[in-house]
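A.B. asks: Heads up: the protein sequence lines correspond to chains A and B, in order.
Just so we're aligned: 544 in the working numbering is position 147 of the first sequence, and the numbers increase by one with no gaps anywhere.
Just so we're aligned: 267 in the working numbering is position 116 of the second sequence, and the numbers increase by one with no gaps anywhere.
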Amino acid sequence: MAATGQVKDFTATMGWARGGRSSLRSTNLIRIGLLLGMGIGWEALSRSGLLFRDVVPSLFSIWAAIWKLVMNPAFYANLQVTAWEIFASLAIGGGLGVAVGIILGANRFLGAAYEPYVYYLAPTPRIIFFPVMIMWFGVGVASKIALGALSCFFTVALSTAGGMREIDKVLIRVGRSFRATPWQMAMKIYLPAMRVPVLNGIRLGFGTATVTALLAETKLSNQGLGFMIMQIYSRFDMPSLYGLLIIVFILAGVGNLILGKATGTSA
Amino acid sequence: MTLASTATTGAPSGQRPQLVIDKVFKQFGVGPGAVTAVDHVSFDVKPGEFVSVIGPSGCGKSTLFNIIGGLLDEYEGDVLIERERIAGPHKAVGMVFQEESTFPWRNVIDNVAFPLELQGVNKSERLDRAHHFIDLVGLKGFERLMPSALSGGMRQRVSIARTLVSQPQILLMDEPFAALDEQTRLLLGDKITQIQQDLNQTTLLITHNLTEAVQLSDRIVVMTYRPGKVKRIVDIDLPRPRSSDVVSSDAFGHYVAEIWADLREEASRGMADSESARRGGSRG
Ligand SMILES: Nc1ncnc2c1ncn2[C@@H]1O[C@H](COP(=O)(O)OP(=O)(O)OP(=O)(O)O)[C@@H](O)[C@H]1O
Ligand SMILES: [Mg+2]
Chain A
398 MAATGQVKDF
408 TATMGWARGG
418 RSSLRSTNLI
428 RIGLLLGMGI
438 GWEALSRSGL
448 LFRDVVPSLF
458 SIWAAIWKLV
468 MNPAFYANLQ
478 VTAWEIFASL
488 AIGGGLGVAV
498 GIILGANRFL
508 GAAYEPYVYY
518 LAPTPRIIFF
528 PVMIMWFGVG
538 VASKIALGAL
548 SCFFTVALST
558 AGGMREIDKV
568 LIRVGRSFRA
578 TPWQMAMKIY
588 LPAMRVPVLN
598 GIRLGFGTAT
608 VTALLAETKL
618 SNQGLGFMIM
628 QIYSRFDMPS
638 LYGLLIIVFI
648 LAGVGNLILG
658 KATGTSA
Chain B
152 MTLASTATTG
162 APSGQRPQLV
172 IDKVFKQFGV
182 GPGAVTAVDH
192 VSFDVKPGEF
202 VSVIGPSGCG
212 KSTLFNIIGG
222 LLDEYEGDVL
232 IERERIAGPH
242 KAVGMVFQEE
252 STFPWRNVID
262 NVAFPLELQG
272 VNKSERLDRA
282 HHFIDLVGLK
292 GFERLMPSAL
302 SGGMRQRVSI
312 ARTLVSQPQI
322 LLMDEPFAAL
332 DEQTRLLLGD
342 KITQIQQDLN
352 QTTLLITHNL
362 TEAVQLSDRI
372 VVMTYRPGKV
382 KRIVDIDLPR
392 PRSSDVVSSD
402 AFGHYVAEIW
412 ADLREEASRG
422 MADSESARRG
432 GSRG
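1) Suppose you measure from the CA of Ala543(A) to the CA of Val467(A); what does that come to, to the nearest Å?
2) Let me check you understand the geometry: is the CB of Ile311(B) closer than 8 angstroms to at least one non-hydrogen atom of ligand 2?
3) Which partner residues of Leu322(B) appear in the DSSP bridge assignment?
4) What are the residues of the region 569-584 of chain A that lie near chain B, defined by any Cβ-Cβ distance shorter than 9 angstroms?
5) Are the beta-carbon atoms belonging to Glu482(A) and Ala606(A) less than 9 angstroms from one another?
6) Please determine whether the Cβ atom of Ser213(B) lies at a distance below 8 angstroms from any heavy atom of ligand 2.
7) Quick one: what does DSSP say Met398(A) is sitting in, helix, strand or coil?
8) Which chain A residues are close to Gly220(B), counting only those with a beta carbon under 9 angstroms from its beta carbon?
9) Establish whether the CB of Ile524(A) and some CB of chain B are separated by less than 9 angstroms.
10) Which value, in whole angstroms, describes the spacing of the CA atoms of Thr354(B) and Val272(B)?
11) Quick check: does the Cβ of Cys549(A) come within less than 8 angstroms of any heavy atom belonging to ligand 1?
12) By the criterion of Cβ-Cβ separation under 7 angstroms, what are the contact partners of Lys242(B) in chain A?
13) Spatial neighbours of Gly340(B) within its chain, please: C-beta separation below 8 angstroms, excluding the five flanking residues on both sides.
14) From the beta carbon of Glu294(B), is the nearest beta carbon of chain A less than 9 angstroms away?
15) So that I know if they touch, is there some Cβ in chain A lying closer than 9 angstroms to that of Phe254(B)?
16) State yes or no: is the C-beta of Thr314(B) within less than 9 angstroms of the C-beta of Arg393(B)?
17) Would you tell me roughly how many angstroms separate the C-alpha atoms of Val553(A) and Phe603(A), rounded to the nearest one?
18) Determine, using beta carbons only, whether Met591(A) and Thr557(A) come nearer to each other than 9 angstroms.
19) What does Phe248(B) reach in chain A if we use C-beta pairs closer than 7 angstroms?
20) Would you mind stating whether Val189(B) and Leu231(B) have Cβ atoms separated by less than 9 angstroms?
21) Roughly how many angstroms lie between the CA atoms of Gln169(B) and Glu235(B), to the nearest whole one?
22) For Lys541(A), name the three-state secondary structure that DSSP assigns.
23) Compute the beta-carbon to beta-carbon distance between Phe254(B) and Phe265(B), rounded to the nearest angstrom, for a pair I have assumed lies under 8 angstroms.
24) Sort out for me which residues DSSP pairs Ser203(B) with in a bridge.
25) Find the nearest neighbour of Ala659(A) within the set Ile463(A), Ile626(A), Val593(A), judged by alpha-carbon distance.
26) Taking only beta-carbon atoms, is Asn273(B) less than 9 angstroms away from chain A?
27) Under 8 angstroms: does the beta carbon of Ile371(B) sit that close to some heavy atom of ligand 1?
28) Using a Cβ-Cβ cut-off of less than 8 angstroms, give me the residues of the region 584-600 of chain A that come near chain B, in sequence order.
29) Restricting to Cα atoms, I'd like to know which of Leu654(A), Ile644(A), Met635(A) is closest to Ser443(A).
30) Expressed to the nearest angstrom, what Euclidean distance is found between the alpha-carbon atoms of Tyr516(A) and Pro528(A)?
31) Find the residues of chain A that neighbour Pro266(B), judging by a C-beta separation of less than 7 angstroms, and give them in chain order.
32) Distance cutoff 9 angstroms, beta carbons only. Does Gly184(B) sit that close to anything in chain A?
33) Starting from Ser458(A), trace the alpha helix (DSSP H) both ways and give me its first and last residue.
34) Quick check: the Cα distance between Arg434(B) and Gly184(B), rounded to an integer number of angstroms?
35) If you measure from the beta carbon of Arg257(B) to each beta carbon in chain A, is any gap under 9 angstroms?
36) In the DSSP assignment, what residue or residues form a beta bridge with Ile172(B)?
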């Protein structure tokens, strides 16, 4: 907080603030221009008849489909299911990830013994565990939560363990010299010292949980936004499909933004 | 006043030592690359006494400091507090570290109140007591600032206040004044002496500053350059209560000259050692 304040003062006194603001305005212009250009290009392609009809539907029909979707109660029911899956995955996987990350990071021997497994497992696509999860938890919400939790567990555990190792060792000695209990050490030294890497891990975990939940829903499910996407796809209702994709894109962006604001880590 | 009549060592002689360091030995590593950091160091500190350990850089002072603080437990020999061998950090001991050790996520007052928070002292009392020690180290008005907004010397004073607030019976300090300018060092030294005498606090100061050691101590333990052994123990019979004015007295000058002769020998051994290590390194 203090640091950003100082930077602002500094740029203000150096007369950079003006330049900064106007360059921000010009990047916004470029962005809007790009969106406009893409929209016009899309519309032109749609009307040219070069591609299959409906593969590139008119922007107006997409807009109408979005409107229809947001008025549809089924959309909210599915949204709620997906949101719950993401939230529960993040709570379970993220919570366990922080705990295991702390243990691996704090304990040199455990870390050396188990961290390689976490590293090897982290990049494997978690969707391959989906059949197992279905066998264990059924085709409903529980199997998606289990898969989502599994996915963000690795992300959060690795960034927490990394953050743990970056802690200034003298701060740990300070805590020990004041005879802090293990709980006090965790809450008053380790966690605040690792705030930034842990929160970044949780944000990455949110992304992984979202991807996993939607992916799993498109594979096998009977509710959720992913299920809705596949339903629309099976009807070959292209305007609604694009409309829903745009909505999901915006929701994920907003979710990430809120999490970023709440945790004080910038995008 | 004659020196002899006021040669109090802060505690009546014959009193039982509160802190005993008995043949402490610590080696880092094994085999030919092993470094002996502390080699059979023995001395003791009586209640209320102010003892300094002085020695050249790299002689094992911080290692000894961490052992006495209970933060390093693989060593030979014994550290006794009230005649009991320590097992981990002892509740009577408060430590001030050589390294930068403020919590960057806490402002000044919350940094200082940290030990009280651990003890479960309620908030208003905690802040009261923290204010008192912030004032004492000359940081009044800086309570709400974050450590990143302070100078290195100010941060070090925050660390000192944080340890003092817990009112340890035995205060251990590892070069706490190293980041301070000479004037602040002398003045803060006065404050520490004053607290130490008011509370009759047993203090062990690790330093490589000779003036500081003579100004503050009842006794000085001079260590040799690697391996760190006790070269000599010097009693400082300067009058108490003592202030920084003592540095201009003749007796003070005698002590400094006497200890410097020992220290110069060790320091030049240290310099020669690192010099040859450097040459050996560049050749190989
Ligand atoms: N964890 C460690 N592993 C290996 N060697 C160490 C370790 N800690 C200290 N040493 C070695 O032990 C010796 C003594 O170090 P120490 O930090 O105790 O010196 P010091 O007297 O405090 O020096 P300074 O005055 O510069 O702080 C040094 O040679 C150092 O390289
Ligand atoms: Mg040291």
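Beta carbons: idealized from backbone N, C-alpha and C, even for Gly.
C.D. replies: Result, derived from the coordinates:
1) 29 angstroms
2) no
3) Gly245(B), Thr354(B)
4) Arg570, Val571, Gly572, Arg573, Ser574, Phe575, Arg576, Ala577, Thr578, Gln581
5) yes
6) yes
7) Residue placement at Met398(A) cannot be trusted, given a pLDDT of 40 that sits under 50; what the coordinates show is reported in the next sentence. The answer is coil: DSSP assigns Met398(A) none of H, G, I, E or B.
8) Arg570, Arg573, Ser574
9) no
10) 25 angstroms
11) no
12) Arg576
13) Phe328, Glu363, Gln366, Leu367, Ser395
14) no
15) yes
16) no
17) 10 angstroms
18) yes
19) Val567, Arg570, Val571
20) no
21) 10 angstroms
22) helix
23) 7 angstroms
24) Leu356(B), Ile371(B)
25) Val593(A)
26) no
27) no
28) Lys585, Ile586, Pro589, Ala590, Arg592
29) Met635(A)
30) 23 angstroms
31) Phe575
32) no
33) 456-468
34) In this prediction, Arg434(B) has a pLDDT of 46, which is less than 50 and means its spatial position is unreliable; what the coordinates show is noted afterwards. Cα to Cα, Arg434(B) sits roughly 19 angstroms from Gly184(B).
35) yes
36) Phe194(B), Val230(B)
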